[in-house]
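Scroll down for the structure; my scribbles are underneath it.
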Amino acid sequence: MARHEVSMLDDFYVALWRRAQMLATWARGRGRQLATALALGTLHQVRRNLAPRRLLSFPHALVLVWMVALLWGERWVFDSKVEDCAWRNWEKWPKDARPHHLIFVADPQIIDPHSYPGRPWPLNPLTVLVTDNYMRRSYTALQRQLHPDSLFFLGDLFDGGREWKTRQGEFVDPKWGSGRSGEEKKWVRTWHRKYGEDYWLREYRRFSDIFFSNWNAGGDAPGPWQRGRKLVASLPGNHDLGFGAQIQVPVRDRFSAFFGDVNRVDVVGNHTIVSVDTVSLSADTSSFKNSHDLRPIYGPVNEFLDGVQATKRKAVQEELSVWHDIDRDLRFGHKVEDVENADLGRWPKDPGPGAPDFPTILLTHVPLYRDPGTPCGPHREHWPPAKPAKGQAGPVIPDHRNAISVSAGYQYQNVLSEQDSVKLIKSIGNVVHVFSGDDHDHCELVHSSSKGNVREITVKSFSMAMGVPTPGFVMVSLYNPVGADGKPVPGAPEATLQTHLCLLPNQFHTYMKYVTYIILSLVLLTVWALLVPVLGLPPFALEPERRATVLPVFKDKAKAEPPDYSAHHRHHHHHRLPSRLSAAA
């Protein structure tokens, strides 16, 4: 290092040391005095404000009321609404029953640039924040208050998931099918340019932060006599993949890579749940099937349906072997073998058509077909059922306002085709109930004999931004006690499934209450301000105090004033005047 550089560094250290010494000196002297004065002043102000008369004043009471109102509207109301749906409030099983608690959540459809294209900057992020917080609080309350053993999503996890470009594979809009709306056409190039795989992954993390991270908010222990807790979010919706002939296979591959198999069989509570990717299945009955090769879209789901009954039987046998410890040729031996001598022919086998079968629940994002105008029942929020004519016992049919519209458009179809609906019921077999999503509102009906007279519930959206004021979810209680042979034990109830619609807070009502509170608060504060001088009430703000001087106050010594010669002259003049007059006299 050069000598002049050493000298400059020494000068810098010396200057820094002097500054530190000056600061320490100031802190010990003037700084300490200022800190002491500030602390004493603060303490004095606190004591003035903590006077009982001021603490119990109306403005402070109003602040307290607002704190309670915000805690209620942003926190407590979620727990209160969900707690009203407690299992014990509506289950009707035998006293010693240990049912499996299952919940279905439909269409969370997290808000993204596809939801409200063109909305200005402050509003779109605010909408995302508000809707995410609503779903997070609702879902956390659901987990804490209800603690389900299993939870299944019914599709449409994202709103614009199908629009975000994949990193691999061809990603182009199909040239066939219904066209986009005029609004979407203006934005599609921007979406494909700005939002790709990285954005989709951020949306996946956002979804996970709301739902996956809070899965154990109420604890991770399952209910009594349950194998464990299960969360399944792999059923896709048309907003996740698209619909029918317009689905892009790379988009579906990405979805299944992160969420799991889109077609699957699960056994929970001695019931078999079959999830089917019906948005892809619909390509098989598309009018474009003969003019375009759509087999990559519908091929996998058809292959799944061809073997679904065998898959069901193996899943049931595995469940029975776990509970009754019976080897049914479904387990692999836990031993180390040489690969040349290992027996590779012992695979889990299909026990055959006569094997035990549990009651089956079908999950599909798109509802099954029904005749136009088929009513959805009294729980539908959009339109209540039409009032029947006098003397009519049953509901009004057709009731188009209360029904799900049988229609289709770009990347959506409100119900499956009749052909696909019948195919699902017959391929799966032993279907006792169907649960679906997509419509965003509740709909409950019993299908025709061609679909096995099966009951279907279309589940409300879980989001507050899907056009339905009151979001919700469906709770299902499963109780099917069976023996080692898979058959119900003596005395078991004939109906093995009970359902309950649970409604979440109506956020519009909450905001309207806030507006009412604001108006009422302004009126009351105005009246209070007018009454303060009249009744001598505590003011909003304390009057400022005169600050006492820090230095002592004293009177200076009196200074010697010069003699007032004019006064002396006047006195002398008046004193002499009489003598002059008397002399004259």
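The numbers in full-length UniProt numbering rise by one with no breaks, and the one at position 549 of the sequence shown is 549.
Every residue gets a Cβ at the ideal spot worked out from N, C-alpha and C, and that includes glycine.
Quantities reported herein were computed from a predicted structural model and do not represent experimental measurements.
*Whole-angstrom Cβ separation of N414 and S405, contact assumed at under 8 Å?*
To locate residue 414, count along the sequence shown from 1; it is residue 414. To locate residue 405, count along the sequence shown from 1; it is residue 405. In this structure, N414 and S405 form a Cβ contact; the two beta carbons are roughly 5 Å apart against a cut-off of 8 Å.
*Can you round the beta-carbon distance between P224 and R144 to whole angstroms, since I take them to be within the 8 Å contact cut?*
Along the sequence shown, one-based indexing puts residue 224 at 224. Along the sequence shown, one-based indexing puts residue 144 at 144. Taking C-beta atoms under 8 Å as the contact rule, P224 and R144 fail to qualify, at a distance of about 19 Å.
_I'd like to know whether the C-beta atoms of F288 and L281 end up nearer to each other than 8 Å._
Along the sequence shown, read from residue 1 onward, the residue named residue 288 stands at position 288. Along the sequence shown, read from residue 1 onward, the residue named residue 281 stands at position 281. 8 Å or more divides the Cβ of F288 from the Cβ of L281.
_Three CB pairs or more closer than 8 Å across the segment 64-74 and the segment 108-128_ = Verdict: no, contact absent.
*Are T364 and S286 closer than 8 Å when you measure CB to CB?*
If you number the sequence shown from 1, residue 364 lands on position 364. If you number the sequence shown from 1, residue 286 lands on position 286. Not in contact: T364 and S286 (Cβ atoms no closer than 8 Å).
*Where DSSP assigns a beta bridge to V432, which residues make up the other side?*
Counted from its first residue, the sequence shown places residue 432 at position 432. Answer by DSSP bridge pairing: none, since V432 is not bridged.
*Do you know whose CA, among L43, G31 and A106, lies nearest D441's CA?*
On the sequence shown, residue 441 is found 441 positions in, with the first residue counted as 1. When the alpha-carbon of D441 is set against those of L43, G31 and A106, the nearest one is in A106.
*Going along the chain, which residues of its own chain have a beta-carbon closer than 8 Å to the beta-carbon of F171, five neighbours each way excluded?*
Within the sequence shown, numbered from 1, the residue matching residue 171 stands at position 171. Excluding positions up to five away in sequence, the list reads K165, H192, Q248, P250 and V251.
*Is K230 helix, strand or coil when you go by DSSP?*
Stepping through the sequence shown from its first residue, residue 230 is reached at position 230. DSSP places K230 within a strand segment (E or B) once states are collapsed to three.
*In terms of DSSP beta bridges, what is R455 paired with?*
One-based indexing of the sequence shown puts residue 455 at position 455. H433 and V446, per the DSSP bridge assignment.
*Is the Cβ-Cβ distance between A257 and F153 less than 8 Å?*
Counting from one through the sequence shown, the residue named residue 257 turns up at place 257. Counting from one through the sequence shown, the residue named residue 153 turns up at place 153. At least 8 Å separates the beta-carbon of A257 from that of F153.
*To the nearest angstrom, report how far apart S521 and D79 are at their CA atoms.*
Translated into the one-based positions of the sequence shown, residue 521 becomes position 521. Translated into the one-based positions of the sequence shown, residue 79 becomes position 79. Rounded to whole angstroms, S521 to D79 spans 27 Å at the Cα level.
_On the DSSP bridge list, what partners appear for P375?_
The residue you call residue 375 lines up with position 375 of the sequence shown. The partner list for P375 (beta bridge, DSSP) reads A403.
_K100 and S150 closer than 8 Å at C-beta_ = Translated into positions along the sequence shown, residue 100 becomes position 100. Translated into positions along the sequence shown, residue 150 becomes position 150. In the sequence as presented, Lys is not what sits at residue 100; that position holds His. The beta carbons of H100 and S150 sit closer together than 8 Å.
*asked:* Taking the straight line between their C-alpha atoms, what separation do you get for P490 and V482?
replied: Looking up residue 490 in the sequence shown gives position 490. Looking up residue 482 in the sequence shown gives position 482. Taking the straight line joining both Cα atoms gives about 9 Å.
*Cβ of residue 589 within 8 Å of Cβ of V476?*
Here the chain covers residues 1 to 585 and nothing more, so residue 589 does not appear.
*Look up Q145 in the DSSP assignment and say whether it is helix, strand or coil.*
Start at 1 with the first residue of the sequence shown, and residue 145 comes out as number 145. The answer is helix: DSSP assigns Q145 an H, G or I state.
*Taking 8 Å as the cut-off, decide whether the C-beta atoms of V422 and T278 are in contact.*
Taking the first residue of the sequence shown as position 1, residue 422 is located at position 422. Taking the first residue of the sequence shown as position 1, residue 278 is located at position 278. Between V422 and T278, the C-beta gap is not smaller than 8 Å, which leaves the two residues out of contact.
*Hey, how far is the Cα of F255 from the Cα of I519?*
Counting from 1 along the sequence shown, the entry for residue 255 is found at position 255. Counting from 1 along the sequence shown, the entry for residue 519 is found at position 519. Here the C-alpha atom of F255 lies approximately 48 Å from the C-alpha atom of I519.
*Would a C-beta distance cut-off of 8 Å place E381 and T499 closer than the cut-off?*
For this step, residue 381 is matched to residue 381 along the sequence shown. For this step, residue 499 is matched to residue 499 along the sequence shown. Their beta carbons are not under 8 Å apart, which means E381 does not touch T499 by this criterion.
*asked:* I'd like the ranges of any alpha helix (DSSP H) spanning at least 4 consecutive residues and lying wholly in the segment 170-219.
replied: Listed in chain order, they are 182-194 and 197-207.
*When burial is assigned at 16 or more other CB atoms within 10 Å of the CB, is G467 buried or exposed?*
If you number the sequence shown from 1, residue 467 lands on position 467. Flag for G467 reads exposed.
_If distances are taken between C-alpha atoms only, which option among L524, R19 and P505 comes closest to Q131?_
As a first step, residue 131 is located in the sequence shown; it is residue number 131 there, counting from the start. Before going further, note that residue 131 is Thr rather than Gln in the sequence given. With distances taken between Cα atoms, T131 lies closest to P505.
_According to DSSP, residues forming a beta bridge with R264_ = For this step, residue 264 is matched to residue 264 along the sequence shown. Per DSSP, S275.
_Would N270 and N430 qualify as a contact pair, given that the criterion is a beta-carbon distance under 8 Å?_
Sequence index remark: in the sequence shown, residue 270 carries index 270 (1-based). Sequence index remark: in the sequence shown, residue 430 carries index 430 (1-based). In this structure, N430 does not lie closer than 8 Å to N270 by Cβ.
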